[in-house]
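Student: I'd like to ask you about the structure that follows.
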């Protein structure tokens, strides 16, 4: 089948202008008729355009799609094209041949879309509040409007301020499933690492059928342990390389790329959330935003368990620099008391079990705590 540009646009449900734009960006180069010089789109051109249009509508940038084109081409022919885009025959081997680069770009696009959705949600919430007050008074107060806009702007700035300054992708590529431990040295050894995980599992006490979320999940050590209870686990990790290791080990886990400041989930859908050895990667404002995000995705009766390393006054810069290749920053200070206060403001009651002089742990429950069963450590 060969079509001219207007025919192709109609068949694909797009516009000639959009097709020309994709050509200008180098995403495809159709042949031209030797008779009149008009573009001619063959089956491969049309299938490539189907991929491009679908990926664009899902939020991918043109540059991201351009990087994916070499991965798309081997997939051509896995759907047999007939009279319309809706009447294609699906081949069962397609998921097994989906290219890693494509999946990685889609994962990144999903993360970006959730960040945008998060920003828009906060803006809508502020607008709803302003309109409710405005209609009640039948006027609009400029100072209140500016204050609401400033709050949204500051919240967005906090979310966008985080960067991976510790090269977690590189650590995962070099150390595989041991990457998280490598990142924590010299402050945390394997014994302390496992001790913290033991305590989190005991305090969260996951039940079969519950839905849990492991945050900054790394390569999935804690995620794996939590899932043994029969709970359905989801995981969020910002490092694509760490996430690849996790997905390789935990095929049933709903693992998503994202960070603590904009969790890639909608609504209150989890019974519990855990986060081990990650709060020190956030400054004070980011820590507050992270706790607010955890609360947003938890059910009304949700529970949280956090663990980290106690601040070590006077930690030798040389020792830390040797571990962090000198050019990387030290971890941010984490004050468990401040985290408890922030959780209290969100409506949680908190307990700080005595675990180890080098570690802190916080268990938080949205309702009044009941100390029984595994929750009797305090």
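In UniProt numbering, the protein residues as written are 1 to 378.
Note that CB positions come from ideal geometry on N, CA and C, so glycine has one too.
Is there contact here, the region 127-141 with the region 283-290, by at least three beta-carbon pairs under 8 Å?
Tutor: No contact exists between the region 127-141 and the region 283-290.
Student: For the region 13-83, which segments carrying the alpha helix (DSSP H) assignment without a break, of at least 4 residues, lie completely within its bounds, in sequence order?
Tutor: 16-24, 43-57, 62-72
Student: State the start and end residues of the unbroken beta strand (DSSP E) segment that holds residue 310.
Tutor: Sequence index remark: in the chain shown, residue 310 carries index 310 (1-based). No beta strand (DSSP E) holds residue 310; DSSP gives it neither H nor E.
Student: Could you pull out every residue in the same chain whose Cβ sits closer than 8 Å to the Cβ of residue 92, ignoring the five residues on either side in sequence?
Tutor: Position 92 of the chain shown, counted from the first residue, corresponds to residue 92. Low confidence applies here, because residue 92 scores a pLDDT of 39, under 50, leaving its location unreliable and the question unanswered by this model.
Student: Taking the alpha-carbon positions, what's the residue 193 to residue 277 distance?
Tutor: Here residue 193 refers to the residue found at position 193 of the chain shown. Here residue 277 refers to the residue found at position 277 of the chain shown. Their Cα atoms are separated by approximately 9 Å.
Student: Provide the residue(s) that pair with residue 211 in DSSP beta bridges, ordered along the chain.
Tutor: Walking along the chain shown from the start, residue 211 turns up at place 211. Its beta-bridge partners are 232.
Student: DSSP on residue 6, reduced to helix/strand/coil?
Tutor: As a working mapping, residue 6 is identified with position 6 in the chain shown. Annotated three-state conformation of residue 6 is helix, per DSSP.
Student: Would you list the residues sitting across from residue 280 in a DSSP beta bridge?
Tutor: In the chain shown, residue 280 corresponds to position 280, counting from 1. Answer by DSSP bridge pairing: none, since residue 280 is not bridged.
Student: Return the residue from the list 174, 310, 133, 253 that minimises the CA-CA distance to residue 225.
Tutor: By one-based count along the chain shown, residue 225 stands at place 225. Answer by Cα proximity: 253.
Student: Taking the alpha-carbon positions, what's the residue 236 to residue 107 distance?
Tutor: If you number the chain shown from 1, residue 236 lands on position 236. If you number the chain shown from 1, residue 107 lands on position 107. Between residue 236 and residue 107, the C-alpha separation is close to 11 Å.
Student: Can you look up residue 253 in the DSSP assignment and give me helix, strand or coil?
Tutor: The residue given as residue 253 occupies position 253 in the chain shown. Three-state DSSP puts residue 253 in coil, outside helix and strand.
Student: Ends of the beta strand (DSSP E) at residue 350?
Tutor: One-based indexing of the chain shown puts residue 350 at position 350. Looking at the DSSP string, the run of the beta strand (DSSP E) that includes residue 350 is 349-351.
Student: Mapping the DSSP letters down to three states, classify residue 96 as helix, strand or coil.
Tutor: Within the chain shown, numbered from 1, the residue matching residue 96 stands at position 96. With a pLDDT of 42 at residue 96, under the threshold of 50, the modelled position of that residue is not reliable, and no figure is offered here.
Student: Taking only three categories from DSSP, how would you classify residue 162?
Tutor: Here residue 162 refers to the residue found at position 162 when the chain shown is read from its first residue. Of the three classes helix, strand and coil, the one that applies to residue 162 here is coil, per DSSP.
Student: Would you check if the region 227-245 and the region 152-159 touch, i.e. whether three or more CB-CB distances between them fall below 8 Å?
Tutor: no
Student: According to DSSP, what are the bridge partners of residue 356?
Tutor: For the purposes of this step, residue 356 is taken as the residue at position 356 of the chain shown. The secondary-structure analysis by DSSP pairs residue 356 across a beta bridge with 359.
Student: Taking just the CA atoms, how far does residue 125 sit from residue 296?
Tutor: If you number the chain shown from 1, residue 296 lands on position 296. If you number the chain shown from 1, residue 125 lands on position 125. The alpha-carbon atoms of residue 296 and residue 125 are separated by roughly 13 Å.
Student: State yes or no: is the C-beta of residue 359 within less than 8 Å of the C-beta of residue 291?
Tutor: The residue you call residue 359 lines up with position 359 of the chain shown. The residue you call residue 291 lines up with position 291 of the chain shown. No, the Cβ-Cβ distance between residue 359 and residue 291 is not below 8 Å.
Student: Can you have a look at residue 257 and say buried or exposed, based on whether 16 or more other CB atoms are within 10 angstroms of its CB?
Tutor: Here residue 257 refers to the residue found at position 257 of the chain shown. Looking at its Cβ environment, which holds 16 or more other Cβ atoms inside 10 Å, residue 257 is buried.
Student: Can you grab the Cα-Cα spacing for the pair residue 185 / residue 40, in whole Å?
Tutor: Your numbering for residue 185 matches position 185 in the chain shown. Your numbering for residue 40 matches position 40 in the chain shown. Cα to Cα, residue 185 sits roughly 60 Å from residue 40.
Student: Distance, Cα to Cα, residue 222 vs residue 307?
Tutor: Translated into the one-based positions of the chain shown, residue 222 becomes position 222. Translated into the one-based positions of the chain shown, residue 307 becomes position 307. Computed Cα separation, rounded: 11 Å.
Student: In the DSSP output, which residue or residues are listed as bridge partners for residue 303?
Tutor: Stepping through the chain shown from its first residue, residue 303 is reached at position 303. DSSP lists 272, 365 as partners of residue 303.
Student: Return yes when the Cβ of residue 255 is within less than 8 Å of the Cβ of residue 247, no when it is not.
Tutor: Looking up residue 247 in the chain shown gives position 247. Looking up residue 255 in the chain shown gives position 255. Yes, the Cβ-Cβ distance between residue 247 and residue 255 is below 8 Å.
Student: In terms of residues, what are the limits of the alpha helix (DSSP H) holding residue 261?
Tutor: Taking the chain shown and counting its residues from 1, one reaches residue 261 at position 261. Per DSSP, residue 261 belongs to no alpha helix (DSSP H) and is neither H nor E.
Student: Would you mind working out which of 289, 271, 182 sits nearest residue 261, comparing C-alpha positions?
Tutor: Position 261 of the chain shown holds residue 261. Scanning 289, 271, 182 for the CA closest to the CA of residue 261 turns up 289.
Student: Does any residue of chain B have a CB that is nearer than 8 Å to the CB of residue 299?
Tutor: Structure shown: chain B not included; a single protein chain is present.
Student: What do you get for residue 117, buried or exposed, if any count of 16 or more other CB atoms within 10 angstroms of its CB means buried?
Tutor: As a working mapping, residue 117 is identified with position 117 in the chain shown. Its Cβ having fewer than 16 others within 10 Å, residue 117 is exposed.
Student: Do residue 64 and residue 105 have their C-beta atoms closer together than 8 Å?
Tutor: The count along the chain shown starts at 1 and reaches residue 64 at position 64. The count along the chain shown starts at 1 and reaches residue 105 at position 105. A contact, by the Cβ cut-off of 8 Å.
Student: Mapping the DSSP letters down to three states, classify residue 146 as helix, strand or coil.
Tutor: Sequence index remark: in the chain shown, residue 146 carries index 146 (1-based). Assignment of residue 146 by DSSP, reduced to helix, strand and coil, places it in the helix class.
Student: Starting from the C-beta of residue 331, find all residues in its chain whose C-beta is less than 6 Å away, skip the five residues before and the five after it, and write them out in chain order.
Tutor: Taking the first residue of the chain shown as 1, we reach residue 331 at position 331. Result list for residue 331: 280, in chain order.
Student: Just reading off the alpha helix (DSSP H) that residue 205 is part of, what are its end residues?
Tutor: Taking the chain shown and counting its residues from 1, one reaches residue 205 at position 205. Here residue 205 belongs to no alpha helix (DSSP H), and DSSP marks it neither H nor E.
Student: To which residues does DSSP link residue 237 through a beta bridge?
Tutor: The sequence position of residue 237 within the chain shown is 237, counting from 1. DSSP, once it has assigned bridges, lists 257 as partnering residue 237.
Student: Identify the residues that DSSP records as bridge partners of residue 298: which are they?
Tutor: Position 298 of the chain shown, counted from the first residue, corresponds to residue 298. Paired residue(s): 270.
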